[in-house]
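Beneath this line is the structure, given in structure tokens, with notes to follow.
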Amino acid sequence: MATHAHPKRTGLWDWLTTVDHKKIGILYLIAGGFFFLIGGLEALLMRIQLMYPNQEIFVGGSFNQLLTMHGTTMIFLAAMPIIFALMNAIVPLQIGARDVAFPFLNSLGFWLFFLGGLLLNLSWFLGGAPDAGWTAYLPLSGKNYSGMGVDFYVLGLQIAGIGTWIGGINFLVTIINMRAPGLTFMRLPMFTWSVFVTSALILFAFPAITVSLVLLMFDRLFGGAFFEPALGGNIVIWQHLFWVFGHPEVYILILPAFGVISEVIATFSKKRIFGYSAMVFATVLIGFLGFMVWVHHMFTVGLGPVANSLFSIATMLIAVPTGIKIFNWLFTMWGGQIRFTAANLWAVGFLPTFVIGGMTGVMLSVPPADYQFHDSYFVVAHFHYTIVGGMVFALFAGLHYWWPKMFGKILNETLGKIGFWFFFIGFHLTFFPQHFLGLMGMPRRVFTFLPNQGLELGNFISTIGAFSMTIGTLVFLYNVIVTATRGEKASNDPWDARTLEWTISSPAPEYNFAQTPLVRGLDAFWVEKMAGKKKMTPAEPLGEIHMPSPSILPFIMSLGLFIAGFGFMHHAYLIVIIGLGTTVVCMFLRSIYDDPGYHVHPDEEEVKA
Amino acid sequence: MAQNFTSLPAHPETATLEGKNKVLAFWLFLGGEVVLFGSLFATFIALRTSYAGGPTGQELFDLGLVAIATLLLLTSSLTSVFGVQAMHRHDVAGMQRWFGITVLLGVAFLGLEIYEFMHYYHMGHTMSSSAFGSAFYTLVGFHGAHVLGGVTWIALLQMQLAKKGLTVVTAPKFYLASLYWHFVDLVWVFIFTVVYLMGKVG
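Sequence order for the protein chains is D and F.
As numbered in this note's numbering, residues 27 to 635 make up the first sequence, in order.
As numbered in this note's numbering, residues 2 to 203 make up the second sequence, in order.
In structure tokens form, the structure reads like this:
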């Protein structure tokens with residue numbers, strides 16, 4: 027194959043057409059970070075409304091919209107994409123690969139997510155945001171009780187979901203087929219392992235929400251009767267399908283967080299992870315059990331004591347592999363040379379916080395107790411302890427840890443620690459009192475409460491905590507700006523770390539590895555360091571590297587679906603045809619024009635360095 | 002491009018890393034599709050007798066027509082196997098012939114399905130007539146959309162084959178299209194059993 031010219035693209039056009047997984051990782055981070063701020067703002071507005079009893083700032087419908095969009099945005103448009111940011115930025119580097127298996131699909135996945143999320147958020151300006159809760163339970167989300175907002179929910183999430191699903195397949199294939207020589211599955215870094223299991227969960231969970239959204243869309247837009255009891259419909263079908271997706275989804279979120287914590291704690295304890303094979307086993311087992319427990323969201327629906335008992339026991343079982351992980355992290359730190367960097371503070375802060383979230387999870391898994399906790403603030407406290415105290419803490423740990431590899435600069439440590447303490451204290455102030463608010467009878471999803479019922483203090487503290495978390499987030503943003511303008515240039519391996527991504531320059535060159543490394547054990551880079559070497563032994567001679575060409579097609583394909591989404595919700599079928607037609611034409615073009623790519627020659631100087 | 006057929010390996014679909022990646026990714030894709038159709042089947046089974054006064058499966062279904070459709074679709078799976086065997090012999094004319102017959106059989110199946118849907122529509126069986134109606138059209142319609150996607154895909158691949166010949170780039174595409182076609186046929190076997198046989202006599 028002939029050598030093709032190196033395509034030079036700059037500015038916006040470069041970002042719209044890139045198929046480089048590291049740049050796509052940065053795009054995911056920017057977009058996910060943007061939605062995180064929007065979702066956080068929505069949360070703060072809700073907490074302001076609930077600061078004092080009988081307030082009238084966001085009442086009724088507007089509170090319902092804030093509530094729904096906060097949940098939907100945080101789960102689908104903030105948490106998932108920031109995981110995808112770390113996956114894209116790090117996994118190919120950790121496995122010694124030049125690229126992901128499908129760079130074009132990777133770009134398509136990002137643009138589908140982004141334009142789907144944009145479609146969902148445009149609802150604020152075009153007829154009102156969805157207001158039926160992030161779970162969109164029928165009949166609230168049916169056409170009799172909700173406005174156009176739920177149409178945005180149905181179509182926006184459908185488009186974004188397809189993007190996530192494509193990404194899951196891409197990472198499964200990448201991890202199975204593209205590992206460096208010697209990198210067996212039982213030498214895979216824990217973060218890559220967790221991404222592998224998470225991708226498998228994405229593969230099998232997302233089709234379930236695709237179907238649920240299709241059914242709701244048919245009911246709302248095309249006169250279907252799936253959830254219309256008068257015509258024989260059954261709303262519990264929605265709940266089953268939604269949670270067949272929704273429960274694995276929380277493990278899709280938390281498993282990569284576990285992966286990040288394993289990397290950060292091992293690096294900053296200067297020890298290999300304790301009980302590596304038990305960690306792998308626990309990860310796979312949690313992934314498997316995550317699929318078996320969706321009915322614990324439906325204990326009060328009335329499925330009967332047998333179903334409730336089985337799903338209760340299956341849910342409690344998850345505590346076993348999770349406990350294995352917690353102890354292994356503690357034993358990794360035990361006797362280690364611990365450094366409390368900002369990244370490690372987040373990781374260590376994660377441990378007790380996540381344990382509290384896990385304990386309340388076991389409490390909720392007991393059906394008779396669940397009848398009491400159900401739909402109270404106790405549940406709100408529980409899932410924020412797992413998703414924020416677990417996952418968001420881990421994302422901050424991962425961002426501080428991998429920032430040098432993503433951007434070539436080290437985040438300011440002092441600002442990192444200040445941000446951590448504001449967020450950490452604020453988090454516990456916000457959510458710890460909510461356990462007691464729930465036990466005292468405060469229901470979730472309410473826009474106000476009455477005075478003199480003992481709920482004032484808890485709600486007031488909770489809102490103060492929300493402000494503190496906001497300050498922590500703003501400090502992080504300030505840190506990003508300070509680091510970008512005058513941050514310290516990062517070396518290849520600023521943390522004295524253990525895995526392959528730290529063997530190449532920061533940020534990584536576009537071809538990742540000039541020569542594919544030869545892996546000789548778990549924590550491949552550390553193995554070489556212990557043998558007295560400064561770099562990896564190459565597994566191949568230096569030569570030309572084939573790279574995929576950039577392409578605008580993923581963006582246009584996603585734009586087509588975005589346009590079709592508007593057509594569907596307005597029954598404007600000409601627009602649907604234009605939108606879907608655009609997408610199909612792009613698919614056709616992609617299929618008939620084979621991408622020859624181009625070749626680059628690795629920089630000699632860099633290889634010697 | 003490698004137009005010299007004697008230099009093509011026996012299994013050109015997995016001769017390159019790209020080909021291997023595509024084959025693995027496609028099996029995973031089908032794994033996701035199993036969940037997609039599994040969810041649709043679960044919904045249909047939950048609602049299959051929710052007629053709400055609308056027409057029932059027993060009144061609607063004509064097993065003779067469905068049997069002919071089944072015969073067409075299952076035969077097309079066989080012809081696509083002959084197509085892949087021709088590919089392994091590097092016999093481009095054979096590929097054109099067998100995949101051509103596959104497309105024709107798929108189109109004939111679609112014709113019968115459209116006729117069937119029109120017929121039911123005139124009997125008062127619509128998306129809005131009952132939950133059974135919604136579930137029926139969604140499940141069978143999703144399968145029909147997959148058939149349409151499959152015949153379009155294979156027809157386009159044949160145009161590429163005529164233009165580019167059999168290479169390590171075009172071979173994986175035919176192999177995957179054939180896998181997809183088997184999967185679509187497999188789903189139909191379940192639809193034939195769960196929707197039509199159980200609806201008529203079950």
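Where a beta carbon is used, it is the ideal one built from N, C-alpha and C, also for glycine.
Task: chain D within 8 Å of F:Val93, Cβ atoms only - done: In the second sequence, the residue the question calls residue 93 of chain F occupies position 92. Not closer than 8 Å to any Cβ of chain D, the Cβ of F:Val93 fails to qualify, so no.
Open item on the list: Against chain F, with Cβ distances strictly below 8 Å, would D:Leu241 count as a contact?
Closed with: Position 215 of the first sequence, counted from the first residue, corresponds to residue 241 of chain D. True, the Cβ-Cβ gap to chain F drops below 8 Å.
- [ ] Check each candidate in F:Gly142, F:Lys174, F:Gly151, F:His183 and name the one with the smallest Cα separation from F:Asn42.
- [x] Taking the second sequence and counting its residues from 1, the one referred to as residue 42 of chain F is at position 41. The amino acid occupying residue 42 of chain F in the given sequence is Phe; Asn does not appear at that position. Answer by Cα proximity: F:Gly142.
Open item on the list: Give me the chain D residues within the contact set of F:Val104, using Cβ-Cβ distance strictly less than 8 Å, ordered along the chain.
Closed with: On the second sequence, residue 104 of chain F is found 103 positions in, with the first residue counted as 1. Near F:Val104 there are no residues of chain D at all, since even the closest Cβ is about 16 Å away, more than 8 Å.
Task: Those runs of the beta strand (DSSP E) which lie wholly inside the region 529-593 of chain D and span at least 3 residues - done: With a minimum length of 3 residues, the continuous beta strand (DSSP E) runs that stay inside the region 529-593 of chain D are 571-573.
Open item on the list: Please return the same chain residues whose Cβ sits closer than 6 Å to the Cβ of D:Gln363, not counting the five positions on each side in sequence.
Closed with: Here residue 363 of chain D refers to the residue found at position 337 of the first sequence. Only Lys296 meet the Cβ criterion.
Open item on the list: Which of the three DSSP states is assigned to F:His89 in this structure?
Closed with: Residue mapping note: residue 89 of chain F aligns to position 88 of the second sequence, counting from 1. Reduced to three states, the DSSP call for F:His89 is helix.
TODO: Sort out for me which residues DSSP pairs D:His625 with in a bridge.
DONE: The count along the first sequence starts at 1 and reaches residue 625 of chain D at position 599. Beta-bridge pairing links D:His625 to D:His572.
Open item on the list: Can you list, in chain order, the residues of its chain with a C-beta nearer than 8 Å to that of D:Ser172? Leave out the 5 residues immediately preceding and following it.
Closed with: Reading the first sequence from its first residue, position 146 is the one you call residue 172 of chain D. Cβ neighbours of D:Ser172 beyond the five flanking positions: Pro156, Asp157, Ala158, Leu166.
Task: Contacts of D:Phe614 in chain F (Cβ-Cβ under 8 Å) - done: Walking along the first sequence from the start, residue 614 of chain D turns up at place 588. For a Cβ distance threshold of 8 Å, residue set Leu157 of chain F lies close to D:Phe614, ordered along the chain.
Open item on the list: Using the three-state DSSP reduction, which class does F:Gly77 fall into: helix, strand or coil?
Closed with: The residue labelled residue 77 of chain F in the question sits at position 76 within the second sequence. The sequence shown places Ser at residue 77 of chain F, not Gly. Note: F:Ser77 maps to helix in three-state DSSP.
Open item on the list: Residues in the same chain with beta-carbon distance under 8 Å from D:His400, minus the five sequence neighbours each way, listed in chain order, please.
Closed with: Reading the first sequence from its first residue, position 374 is the one you call residue 400 of chain D. Once the five neighbours on either side are set aside, the close Cβ partners of D:His400 are Phe325, Thr326.
Open item on the list: Rounded to the nearest angstrom, what separates D:Leu71 and F:Val152 at their Cα positions?
Closed with: Working through the first sequence from its first residue, we reach residue 71 of chain D at position 45. Working through the second sequence from its first residue, we reach residue 152 of chain F at position 151. So the two alpha carbons sit approximately 52 Å from each other.
Open item on the list: Cutting at 7 Å between CB atoms, please list the residues of its own chain near D:Met204, excluding the five before and the five after it.
Closed with: Residue mapping note: residue 204 of chain D aligns to position 178 of the first sequence, counting from 1. Same-chain partners within the cutoff: Ile121, Ala123, Ala127.
Open item on the list: To be precise: take each residue of the region 39-53 of chain F, compare its Cβ to all Cβ atoms of chain D, and keep it if any distance is under 9 Å. Which residues remain?
Closed with: Gly39, Ser40, Leu41, Ala43, Thr44, Ala47, Leu48, Thr50, Ser51, Tyr52, Ala53
Task: Which of helix, strand or coil DSSP assigns to F:Ser130 - done: Taking the first residue of the second sequence as position 1, residue 130 of chain F is located at position 129. Coil.
- [ ] Using a Cβ-Cβ cut-off of less than 9 Å, give me the residues of the region 108-133 of chain F that come near chain D, in sequence order.
- [x] Thr127, Met128, Ser129, Ser130, Ser131, Ala132, Phe133
Task: Local conformation of F:Gly200 per DSSP, three classes - done: Translated into the one-based positions of the second sequence, residue 200 of chain F becomes position 199. Looking at F:Gly200 - three-state DSSP - the assignment turns out to be helix.
Open item on the list: Quick check on the burial criterion: 16 or more other C-beta atoms within 10 angstroms. Buried or exposed for F:Gly33?
Closed with: Here the question's residue 33 of chain F lines up with position 32 in the second sequence. When all chains shown are included, F:Gly33 counts as buried.
- [ ] Kindly identify the DSSP beta-bridge partner or partners of D:Lys435.
- [x] Locating residue 435 of chain D in the first sequence gives position 409, counting from the first residue. Answer is D:Lys515, bridged to D:Lys435.
TODO: Starting from the beta carbon of D:Ile618, find every residue of chain F whose beta carbon is closer than 7 Å, and list them in chain order.
DONE: Start at 1 with the first residue of the first sequence, and residue 618 of chain D comes out as number 592. In chain order: Gln161.
Task: Residue-chain proximity (F:Phe137, chain D), Cβ-Cβ < 8 Å - done: By one-based count along the second sequence, residue 137 of chain F stands at place 136. Taking Cβ atoms only, chain D never reaches closer than 8 Å to F:Phe137, which makes this a no.
- [ ] Taking a Cβ distance cut-off of 8 Å, strictly less, list which residues of the region 15-34 of chain F are near chain C, in chain order.
- [x] The question asks about chain C, but that chain is absent: this structure's protein chains are D and F.
Task: D:Phe357 versus D:Lys559, D:Glu554, D:Ala292, D:Arg471, residue with shortest Cα-Cα distance - done: On the first sequence, residue 357 of chain D is found 331 positions in, with the first residue counted as 1. It is D:Ala292.
Task: Beta-carbon spacing of D:Pro576, D:Arg35 below 8 Å - done: For the purposes of this step, residue 576 of chain D is identified with residue 550 of the first sequence, where counting begins at 1. For the purposes of this step, residue 35 of chain D is identified with residue 9 of the first sequence, where counting begins at 1. In contact: D:Pro576 and D:Arg35 (Cβ atoms closer than 8 Å).
TODO: Give the straight-line distance between the Cα atoms of D:Val374 and D:Trp355, rounded to the nearest whole angstrom.
DONE: If you number the first sequence from 1, residue 374 of chain D lands on position 348. If you number the first sequence from 1, residue 355 of chain D lands on position 329. If you take the alpha carbons of D:Val374 and D:Trp355, they lie about 9 Å apart.
Open item on the list: Could you compute how far the alpha carbon of F:Leu106 sits from the alpha carbon of F:His183?
Closed with: Residue numbering aside, residue 106 of chain F sits at position 105 when the second sequence is read from its first letter. Residue numbering aside, residue 183 of chain F sits at position 182 when the second sequence is read from its first letter. Those two C-alpha atoms are separated by around 13 Å.
Task: Beta-carbon proximity check, D:Thr386 vs D:Ala420, cutoff 8 Å - done: Residue mapping note: residue 386 of chain D aligns to position 360 of the first sequence, counting from 1. Residue mapping note: residue 420 of chain D aligns to position 394 of the first sequence, counting from 1. Contact flag unset, no.
Open item on the list: On the CB-based measure, 16 or more other CB atoms within 10 Å of its CB, does F:Leu9 come out buried or exposed?
Closed with: Position 8 of the second sequence holds residue 9 of chain F. It is buried - the Cβ of F:Leu9 has at least 16 other Cβ atoms within 10 Å.
Open item on the list: Beta carbons nearer than 7 Å to chain D: which residues of the region 159-187 of chain F have them?
Closed with: Gln161, Val170
Open item on the list: Using only CA atoms, which one of D:Met318, D:Phe139, D:Ser220 lies nearest to D:Leu53?
Closed with: The residue you call residue 53 of chain D lines up with position 27 of the first sequence. In this structure, D:Phe139 is the residue among D:Met318, D:Phe139, D:Ser220 with its C-alpha nearest to the C-alpha of D:Leu53.
Task: For D:Met106, the nearest candidate out of D:Gly187, D:Trp41, D:His47 (CA to CA) - done: Here residue 106 of chain D refers to the residue found at position 80 when the first sequence is read from its first residue. Comparing Cα positions, the closest option is D:Gly187.
- [ ] Quick one: give me the first and last residue of the alpha helix (DSSP H) that D:Gly142 is part of.
- [x] Residue numbering aside, residue 142 of chain D sits at position 116 when the first sequence is read from its first letter. D:Gly142 -> alpha helix (DSSP H) spans 129-148.
Task: Inter-stretch contact at 8 Å, needing at least 3 Cβ pairs: the region 13-23 of chain F / the region 171-180 of chain F - done: The region 13-23 of chain F makes contact with the region 171-180 of chain F: 3 or more CB pairs, one atom from each, lie closer than 8 Å.
- [ ] Give the single residue among D:Ile451, D:Gly547, D:His454, D:Ser88 whose Cα lies nearest to the Cα of D:Thr637.
- [x] Residue numbering for chain D in the displayed model covers 27 to 635; residue 637 of chain D lies beyond these limits and cannot be assessed.
- [ ] Please compile the residues from chain D whose C-beta is within a distance smaller than 7 Å of the C-beta of F:Leu37.
- [x] Numbered from its first residue, the second sequence carries residue 37 of chain F at position 36. Listed by position along chain D, the residues whose Cβ is nearer than 7 Å to that of F:Leu37 are Pro233, Thr236, Val237.
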